[in-house]
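Position in the sequence shown counted from 1, then plus 701, gives you the working numbering. For glycine and all other residues, C-beta sits at the position ideal for the given N, C-alpha and C.
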Amino acid sequence: MKKVIVILIPAFIAVIACTSESSNSAQHTPQKMSTGNPYYSRQDTSKLQVANDEWKKILPPDLYGVARNKETERAFTGKFWDQDLKGTYYCAVCGNELFKSNSKFASSCGWPSFFESVRPNATIYVPDNTHGMRRTEVICGRCDSHLGHIFDDGPPPTGMRYCMNSISMDFEPDDSPASKK
Ligand code: FE
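So this is what it looks like as structure tokens:
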């Protein structure tokens with residue numbers, strides 16, 4: 702009997718230690734959209750190569766439609782087009798940091814608009830000649846998901862307008878506990 706107790710006590714302590722570490726890291730690692738998405742990370746910036754078949758199993762249908770199927774949400778319907786809060790915008794598919802709120806500006810286009818991304822490789826630019834237009838598509842620098850388009854009619858200092866789909870982004874306010882870590 703003594704032997705069993707000697708074995709069980711360290712095992713019990715190990716379980717407690719493990720549980721407390723995971724709840725601790727969840728507290729300091731905000732991953733709002735990560736439920737069931739093993740690729741979502743706000744810390745890991747390594748490139749992802751995930752097939753659409755796999756994303757389809759992971760993402761909600763409306764996010765999959767925009768992010769992976771290049772659909773566009775209707776103007777003036779997204780959750781961020783008229784938001785004016787201080788914080789950070791992340792890719793809703795993979796958690797990649799995309800924009801700071803201080804680069805967001807009030808645009809009349811009906812989609813959230815920014816004049817610059819948070820770092821040069823946060824976003825990638827791809828020629829898009831679909832729908833009879835010559836545009837430049839903006840995709841996530843980490844997971845290649847469709848975010849929106851970029852135009853040269855933005856305000857100073859860049860003169861650019863990143864015209865994004867709200868659904869392709871997560872937002873973390875500066876005053877949230879997660880942002881103060
Ligand atoms: Fe992404």
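* Asked: Does the beta-carbon distance from VAL827 to LEU799 come in below 9 Å?
  -> A distance of 9 Å or more separates the beta carbons of VAL827 and LEU799.
* Which one of ASN866, GLY796, THR824 has the shortest CA to CA distance from GLN784? -> Of ASN866, GLY796, THR824, the residue nearest in Cα terms is ASN866.
* Of the choices PHE872, TYR790, ARG835, LEU749, whose alpha-carbon is the least far from that of GLU817? -> Comparing Cα positions, the closest option is TYR790.
* Touching or not, the region 760-770 and the region 841-853, by the rule of three or more beta carbon pairs under 8 Å? -> Touching, yes.
* Which of helix, strand or coil DSSP assigns to LEU786 -> Here LEU786 sits in coil by DSSP.
* Leaving out five residues before and five after SER742 in sequence, what residues of the same chain have Cβ atoms less than 6 Å from its Cβ? -> Cβ within range, chain order: GLY796.
* In the structure shown, what three-state DSSP assignment does PRO739 receive? -> In this structure, PRO739 counts as coil in the three-state DSSP scheme.
* Report the rounded CA-to-CA distance for LEU749 versus ASP829, giving the unit in angstroms. => As the crow flies, the alpha-carbon of LEU749 is around 22 Å from that of ASP829.
* Asked: Where does PRO828 fall in DSSP's three states?
  -> PRO828: strand per DSSP, three-state reduction.
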